[in-house]
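The structure under discussion appears below in the form of structure tokens.
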Amino acid sequence: MFLYAFVVYFLFVKDNNVYCFLIIMSYSKKPLVGIIMGSSSDTRIMKGAAEILDEFKIKHEDQIVSAHRTPSRLSEYAQHAEEMGFKVIIAGAGGAAHLPGMIASHTIIPVIGVPILVYNDQHTKKTNNSKFSAFGGLDSLLSISEMPTGSPVVAVGVNKSSNAGIYAMKILANEFPKLKIQLKQYKISQHKAVLKESDDLKKYGLTKFVKKKFK
Ligand code: RP5
Numbered sequence: 013m014f015l016y017a018f019v020v021y022f023l024f025v026k027d028n029n030v031y032c033f034l035i036i037m038s039y040s041k042k043p044l045v046g047i048i049m050g051s052s053s054d055t056r057i058m059k060g061a062a063e064i065l066d067e068f069k070i071k072h073e074d075q076i077v078s079a080h081r082t083p084s085r086l087s088e089y090a091q092h093a094e095e096m097g098f099k100v101i102i103a104g105a106g107g108a109a110h111l112p113g114m115i116a117s118h119t120i121i122p123v124i125g126v127p128i129l130v131y132n133d134q135h136t137k138k139t140n141n142s143k144f145s146a147f148g149g150l151d152s153l154l155s156i157s158e159m160p161t162g163s164p165v166v167a168v169g170v171n172k173s174s175n176a177g178i179y180a181m182k183i184l185a186n187e188f189p190k191l192k193i194q195l196k197q198y199k200i201s202q203h204k205a206v207l208k209e210s211d212d213l214k215k216y217g218l219t220k221f222v223k224k225k226f227k
């Protein structure tokens, strides 16, 4: 009966002194966002985008499309994205990171690029030094953000895939007023979280606060 889940949120908008009940449903039966990445290596980083979209009930479709290993899939994927009606594409890639720019060159759907640094982590089993980024993710950041004039891609910070998810929702919010309210509520909860931590810091003092927070 209900094809998509709904959640009842009690919103307390303190600044405007407004109390309201709001029924928030999944915004579409079809995915609105296409998430792609250059390799399965990127999945641990890119899952941040999926998690925040899931939290806000935004459907997304996730795929691996490699600009250098599956170049013919670039145009195929762009066509697929248009047929699917995606409103935004989030594309993550490491190293030379051609994927976001190449997808953008095939479509007018806005592309948000996530520069990825996967191989400089502390994973004990990571022994393949040949895959380490010599430039600590700056290579991917520049590759994505420095698209030549005419085919722009916006870039979030290195590994900041959840920011890409939030930015995608800001674009979608132009179409879905309830999502706009949800995003404003999200900002209010961030504000409250900082105040709470500041109160705790004042109460316990720096030394105890650090021990408690980072134990
Ligand atoms: C890029 O090369 C991918 O986006 C990934 O970040 C990096 C390494 O990929 P693998 O060699 O681990 O598949 O294309």
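If you read the sequence shown in my numbering, its first letter stands for residue 13, the second for the next number, and so on.
In this text, a Cβ means the ideal position worked out from N, Cα and C, and glycines have one as well.
Beta-carbon proximity list for residue i, same chain, < 8 Å, skipping 5 on both sides
| i | result |
| --- | --- |
| V202 | Inspection of the sequence shows that residue 202 is occupied by Gln rather than by Val. None. |
| K42 | K71, M96, G97 |
| Y216 | K224 |
| S87 | H118 |
| I183 | K99, V100, P122 |
| E73 | P43, V45, G46, I47, M96, F98 |
Any non-hydrogen atom of the ligand COA within 6 Å of residue i CB
| i | result |
| --- | --- |
| V130 | This structure lacks the ligand COA; the ligands present are the ligand RP5. |
Chain-order list of residues whose beta-carbon lies under 6 Å from that of residue i (same chain, five-residue window excluded)
| i | result |
| --- | --- |
| K69 | S38 |
| Q75 | I48 |
| F226 | none |
| S53 | V130 |
| V77 | I48, R85, Y89 |
| G50 | S78, A105, L111 |
Burial state of residue i, where buried means 16 or more other Cβ atoms lie within 10 Å
| i | result |
| --- | --- |
| L218 | exposed |
| P127 | buried |
| S210 | exposed |
| F98 | buried |
| M58 | buried |
| S142 | exposed |
| G177 | buried |
| S84 | exposed |
| F188 | buried |
| D212 | exposed |
| N171 | buried |
| L153 | buried |
| G169 | exposed |
| H80 | exposed |
| A109 | buried |
| A167 | buried |
| L44 | buried |
| L207 | exposed |
| A205 | exposed |
| L191 | buried |
Proximal residues to residue i (C-beta, below 7 Å), its chain only, five neighbours per side dropped
| i | result |
| --- | --- |
| P112 | A103, A105, V123, G125, I156, V165 |
| A93 | G46, I101, T119, I121 |
| S163 | G113, A116, S117 |
| I64 | S174, G177, I178 |
| F221 | D212, L213 |
| S12 | Limits of the chain in this structure are 13 at one end and 227 at the other, which puts residue 12 out of reach. |
Using 8 Å as the Cβ pair cut-off and three pairs as the minimum, do the region 177-197 and the region 140-155 touch?
no
Let me know the beta strand (DSSP E) ranges lying completely inside the region 33-66, each 3 residues or longer, listed in chain order.
45-49
Whole runs of the alpha helix (DSSP H) within the region 178-210, excluding any shorter than 4 residues:
none
As an exercise, report each continuous beta strand (DSSP E) stretch of at least 3 residues that is fully enclosed by the region 98-155, in chain order.
100-106, 123-128
Which whole runs of the alpha helix (DSSP H) in the region 67-98 are 4 residues long or more, in chain order?
84-96
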